[in-house]
Amino acid sequence: MDTRNLQDDASVTESAAIDSTVPLNQLSRSEQWKRIRSNPRLRGQHGGILDEYGFYLLLAALTLVAILVLFSHNSVDTQVQQLTTELNNVMGKVKTNYRGQYSKVSVTSLIDNGVFRDLTTMTDTGGTISVQPGGGTLTVAPARLLSNNDSVQYTVPNQPDAACPAIVAAFQSSAGRIVVNGTTIKDVGGSVDPSKVKCSGDSNTLNLFMS
Numbered sequence: 128m129d130t131r132n133l134q135d136d137a138s139v140t141e142s143a144a145i146d147s148t149v150p151l152n153q154l155s156r157s158e159q160w161k162r163i164r165s166n167p168r169l170r171g172q173h174g175g176i177l178d179e180y181g182f183y184l185l186l187a188a189l190t191l192v193a194i195l196v197l198f199s200h201n202s203v204d205t206q207v208q209q210l211t212t213e214l215n216n217v218m219g220k221v222k223t224n225y226r227g228q229y230s231k232v233s234v235t236s237l238i239d240n241g242v243f244r245d246l247t248t249m250t251d252t253g254g255t256i257s258v259q260p261g262g263g264t265l266t267v268a269p270a271r272l273l274s275n276n277d278s279v280q281y282t283v284p285n286q287p288d289a290a291c292p293a294i295v296a297a298f299q300s301s302a303g304r305i306v307v308n309g310t311t312i313k314d315v316g317g318s319v320d321p322s323k324v325k326c327s328g329d330s331n332t333l334n335l336f337m338s
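Going from the sequence shown to the working numbering is simple: count from 1 and add 127.
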């Protein structure tokens, strides 16, 4: 290989970068930098180039944030769907095992029964059940719809806003009463009033009464 030709080509490129007759926008990035470094009057354009780079960096950052938000939303939706499925299974086991003896229902007894074993959204954390999404602690206790101990109350706290209506929708038919953040949105013999479902602050508590 003729090294002289390579050197000549490099010299031509260097000359083009320094040659002020060649418009700056017709040069490659590396040649633009060479022109700017060799000509103090062009250094003011340095900021323009940095601004351009900054714009693309900002655009990339905003795109990344949008992707993360979308991923987070999809993750919550997936967790809520799994939670309602698993909670419905838990309720079925409680109804089968404790019918007529709801007064004996507690989180401790259900843990001992193995009801929460192998679940992904409800985890035994040493005597209490942690719920995902939200990370709140599930409460299960005897309750009253028409008479004492005729039902079981499941309290699901610290739920994100996106989970609120989804959980209500999942149990609107099976629950005898549903309370969201202290407001009864379905009572015995009635149906859910969706206008009363008010969720805010990503820290919502739902009470589900199951007979």
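Glycine included, every Cβ here is placed at the ideal spot set by N, Cα and C.
**Prompt:** Count the other CB atoms within 10 Å of the CB of R226; is the residue buried (16 or more) or exposed (fewer)?
**Reply:** exposed
**Request:** Please list the segments of the alpha helix (DSSP H) lying wholly inside the segment 277–333, counting only runs of 4 or more residues, in order along the chain.
**Result:** 290–298
**Message:** Measuring only the C-alpha atoms, how far is T264 from T255?
**Reply:** 7 Å
**Message:** Check this for me: beta carbons of S230 and N276, under 8 Å apart or not?
**Reply:** yes
**Message:** Between which residues of its own chain and Q209 is the CB-CB distance below 8 Å, once the five residues before and five after are set aside?
**Reply:** T247 and T248
**Prompt:** For V139, does the three-state DSSP call read helix, strand or coil?
**Reply:** The predicted position of V139 is uncertain, since its pLDDT is 47 and thus under 50; a value taken from the coordinates is nonetheless stated next. If DSSP states are grouped into helix, strand and coil, V139 belongs with the helices.
**Message:** Quick check: what's the CA-CA separation for L214 versus D320?
**Reply:** 22 Å
**Message:** Only counting the same chain, and skipping five residues up and downstream in sequence, which positions put a Cβ closer than 6 Å to that of N224?
**Reply:** none
**Message:** Classify S278: buried if its beta carbon has 16 or more other beta carbons within 10 angstroms, exposed otherwise.
**Reply:** buried
**Item:** Cβ neighbour criterion (16 or more within 10 Å) applied to A290
**Value:** buried
**For T130, three-class secondary structure by DSSP** = Unreliable positioning characterises T130 in this predicted model, as indicated by a pLDDT of 49, which lies under 50. The coordinate reading is nonetheless provided below. Correct three-state label for T130: helix.
**Prompt:** Near Q206, which residues of its chain fall below 7 Å by C-beta distance, leaving aside the five closest residues on each side in sequence?
**Reply:** T248, Q259 and P260
**Item:** Proximity to S322 [Cα-Cα], best of V221, K313 and R244
**Value:** K313
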